[in-house]
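Chains as they are written, first to last, in UniProt numbering: chain A, 1 to 242; chain B, 1 to 127. First up is the structure itself, then whatever we jot down about it.
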Amino acid sequence: MSQSQSCLSSIPAGTASYETEHVHKVYEIIAPHFSATRFKPWPIVENFLKGFPAGSVGLDIGCGNGKYMAVNPNIFIFGSDRSQNLIGIASKQRHHEALVADALDLPHPCSRFDFAISIAVIHHFSSQERRVEAIKSILSTLKPITGNKSETGGKALIYVWALEQKSSRRGWDENSVQDVFVPWVMRKNFAAHQTEQTYQRYYHLYRQGELDKDVSDAGGIVCESGYEKDNWYAIVQTKVQG
Amino acid sequence: MKLLTANFISCPVRTCKTSPTSFPLHFKDCELACDPDGNPYSRETLLGVLPRLEWDALRTSAGELGFTELPVEKPEGEVVGEEVLRRIWELLVQTHVVTGKMVCGNCAYEFGIQSGIANFLLPGHLV
Ligand SMILES: [Zn+2]
């Protein structure tokens, strides 16, 4: 059954300060424990990254502990995350680079990248407007498609948590609330005072078709999309603007 | 922070994005280290990444760190000598800025680098 709570907070949702309180601060605290549970790359992400030729350059936006950086040693990934503690862990992937940055204010020039991944990140933005902004921000980094030839453009892979996950331990289905707090129970040995502590992270759970809609609202083109193990994903591109 | 990375970094301030002076950011007060083990030489990877580099920006960044030997023209194609390629690889991915700053030529904001990690979070008034 779902253990999530409704999102009671003294800060209004849909703002940066809401996400600071209910996402960023939590990851900063749970970073070592979170990282210890995140080591196995998901197959679709792994295959996506393995598909780029040697010397390709891309971004991992919201890279967390950098677990996807190890997948393909012939490409270069610049990973960024809001959490300094997670970036400290990601920086151990010395072949690549880990930066502290905000997905809405990326420190990268436009239209230079062959690929981007953003895995389990967009669902932490607390309004549709901000989620679409985040997708726009990712799209802007990609090489745009020129002359209607899709192979000329960079590709981004976006993963978000699904509302429809009846068989998971969370037990949500299409009738559940979409904006939720999800508990992270910090095990004793990771906690500061050797006692188990629970932290709540904000999530927007995506329903079927919603990710595709957000991508198109952001001006992107969906090349492929689907459902995999409690998540919706989409592979997206962008065209030359104007 | 590697020189390669600096070639793919610009100022995150939105009003700077359209300004040509926001790329590349300028290195200041930097301490360097070498990490050959983190990035063993790969000719195939280097030949793949070369066409993706903004060469003039790379020469600017390298110059700011005291490396002035990069040729004016980007070396391209299979004819480039192995020695030249190995030296470019050393500069691009084996040389790291451990501490220092990266400064925007448009807004003058200074982004810090500590323990090799650059921080591009903006203070509230610049978001
Ligand atoms: Zn600037």
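Heads up, the beta-carbon is just placed ideally off N, CA and C, and yes, glycines get one too.
Beta-carbon gap between A/Ser164 and A/Arg207 smaller than 9 Å: The residue given as residue 164 of chain A occupies position 164 in the first sequence. The residue given as residue 207 of chain A occupies position 207 in the first sequence. Residue identity differs from the one stated: residue 164 of chain A is Glu in this sequence, not Ser. Going by C-beta atoms, A/Glu164 is nearer than 9 Å to A/Arg207.
Meets three-Cβ-pair contact criterion under 8 Å: the region 121-128 of chain A and the region 31-51 of chain A: no
Interface flag, B/Gly77 vs chain A, CB-CB below 9 Å: The residue you call residue 77 of chain B lines up with position 77 of the second sequence. B/Gly77 does not count as touching chain A.
Ordered list of beta strand (DSSP E) runs contained in the region 54-89 of chain B, each at least 3 residues: none
Pocket of ligand 1 (residues with CB nearer than 7 Å to any heavy atom), chain order: B/Cys11, B/Val13, B/Cys16, B/Ser22, B/Cys104, B/Asn106, B/Cys107 and B/Tyr109
is_contact[A/Met1, chain B] using C-beta, thresh 9 Å: By one-based count along the first sequence, residue 1 of chain A stands at place 1. Low confidence applies to A/Met1: its pLDDT is 39, below 50, so where it sits in the model is not reliable enough to give any reading.
Neighbour flag for A/Phe113 against chain D, beta carbons, 9 Å: Looking for chain D here will not work: the only protein chains present are A and B.
Simplified DSSP state of A/Cys63, which is helix, strand or coil: As a first step, residue 63 of chain A must be located in the first sequence, where it is residue number 63. The answer is coil: DSSP assigns A/Cys63 none of H, G, I, E or B.
CB-CB length for A/Val45 against A/Leu157, believed under 8 Å: Residue mapping note: residue 45 of chain A aligns to position 45 of the first sequence, counting from 1. Residue mapping note: residue 157 of chain A aligns to position 157 of the first sequence, counting from 1. A/Val45 to A/Leu157, Cβ: 6 Å. Contact.
Bounding residues of the alpha helix (DSSP H) (the contiguous stretch that carries A/Asn47): Within the first sequence, residue 47 of chain A is the residue found at index 47, counting from 1. Pro43 to Lys50 is the extent of the alpha helix (DSSP H) around A/Asn47.
Residue nearest to A/His209 in terms of C-alpha spacing, selected from A/Gln200, A/Ile221 and A/Gly226: As a first step, residue 209 of chain A is located in the first sequence; it is residue number 209 there, counting from the start. The residue you asked about is not His; residue 209 of chain A is Gly in the sequence shown. Of the candidates A/Gln200, A/Ile221 and A/Gly226, the one whose C-alpha sits nearest the C-alpha of A/Gly209 is A/Gly226.
Distance, A/Ser10 Cα to A/Asn72 Cα: As a first step, residue 72 of chain A must be located in the first sequence, where it is residue number 72. As a first step, residue 10 of chain A must be located in the first sequence, where it is residue number 10. If you take the alpha carbons of A/Asn72 and A/Ser10, they lie about 43 Å apart.
Residue closest to A/Thr238, alpha-carbon to alpha-carbon, out of A/Asn47, A/His95 and A/Cys223: Taking the first residue of the first sequence as 1, we reach residue 238 of chain A at position 238. When each option's Cα is compared against that of A/Thr238, the closest is A/Cys223.
Inter-stretch contact (C-beta, 8 Å, three-pair minimum) for the region 21-36 of chain B and the region 169-182 of chain A: no
C-beta neighbour in chain B for A/Ser118, strict 9 Å: As a working mapping, residue 118 of chain A is identified with position 118 in the first sequence. It does not: the Cβ of A/Ser118 has no partner Cβ on chain B nearer than 9 Å.
Chain B contact residues for A/Leu163, given Cβ-Cβ distances below 9 Å: Working through the first sequence from its first residue, we reach residue 163 of chain A at position 163. Chain B residues near A/Leu163: none, gap ~30 Å exceeds 9 Å.
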